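Have a look at the structure below, then the notes.
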Amino acid sequence: MVVEGPEQYLWCTESFTGVQYALLDWINVASSYFGILGSCFIISHYLLWSRGYVFSQIIFFLSIADLGASGTTFISQVWLLIASQYSGFTCTIIRSILQFFFVSSMIWTSCIAFYLSKTIIIDRNLFLSEKPSTSSYFSSSFYSSSSTSRFSLPRTPSQIIPPSSL
Numbered sequence: 029m030v031v032e033g034p035e036q037y038l039w040c041t042e043s044f045t046g047v048q049y050a051l052l053d054w055i056n057v058a059s060s061y062f063g064i065l066g067s068c069f070i071i072s073h074y075l076l077w078s079r080g081y082v083f084s085q086i087i088f089f090l091s092i093a094d095l096g097a098s099g100t101t102f103i104s105q106v107w108l109l110i111a112s113q114y115s116g117f118t119c120t121i122i123r124s125i126l127q128f129f130f131v132s133s134m135i136w137t138s139c140i141a142f143y144l145s146k147t148i149i150i151d152r153n154l155f156l157s158e159k160p161s162t163s164s165y166f167s168s169s170f171y172s173s174s175s176t177s178r179f180s181l182p183r184t185p186s187q188i189i190p191p192s193s194l
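Mapping of the sequence shown onto this note's numbering: residues 29 to 194, in sequence order.
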């Protein structure tokens with residue numbers, strides 16, 4: 029039997045029951061809540077300890093995008109659970125905000141992929157030689173000028189000590 033019309037594009041013709049929809053709504057609320065917690069943890073970690081690293085900055089901006097997406101999803105799902113509907117204008121605003129944050133999250137993820145590929149393929153020592161800026165809490169004690177040579181990796185073959193001279 030061949031189905032013609034819009035039904036041919038539907039894979040599942042069964043619909044969910046009211047209990048199943050409520051369960052899916054609460055699962056969406058819980059996952060958004062955990063996304064908010066994870067993003068807040070990463071943002072607070074960045075603001076307290078790791079401001080100077082380039083890779084940490086990219087992760088920070090990705091976390092802001094994820095926080096916006098999770099927060100908007102959380103607010104819209106709780107609103108639907110309480111009010112069970114909202115106007116077309118409100119739906120358009122919420123979906124526009126979600127679209128913005130999802131696209132920005134995808135772009136920041138692409139920046140991470142570009143940075144990692146650049147680090148691994150083009151400049152292998154870039155990621156290993158990063159130092160935090162002086163505004164970091166631990167920078168004055170851990171990366172002082174006297175201890176920099178102890179913790180930095182050799183960047184050129186001439187800096188590597190051959191095993192026979194040890």
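In this text, a Cβ means the ideal position worked out from N, Cα and C, and glycines have one as well.
These numbers come from a predicted model, not from an experiment.
Ranking Gln-127, Ala-141, Ile-110, Gly-46 by CA distance to the CA of Ile-87 puts Ala-141 first. Closest in C-alpha terms to Ile-92, from the list Arg-123, Ala-111, Phe-69, comes Phe-69.
Just so you know, the alpha carbons of Phe-117 and Ala-111 end up roughly 15 Å apart.
Taking each of Phe-129, Tyr-49, Ile-149, Ser-84 in turn and checking the Cα distance to Gln-105, the smallest one comes out for Tyr-49.
Distance from the CA atom of Ser-43 to the CA atom of Ser-124, rounded to whole angstroms, is 27 Å. In this structure, DSSP gives Phe-44 a state outside helix and strand, which the three-state scheme calls coil. Leu-108 and Tyr-114 have their alpha carbons spaced roughly 7 Å apart.
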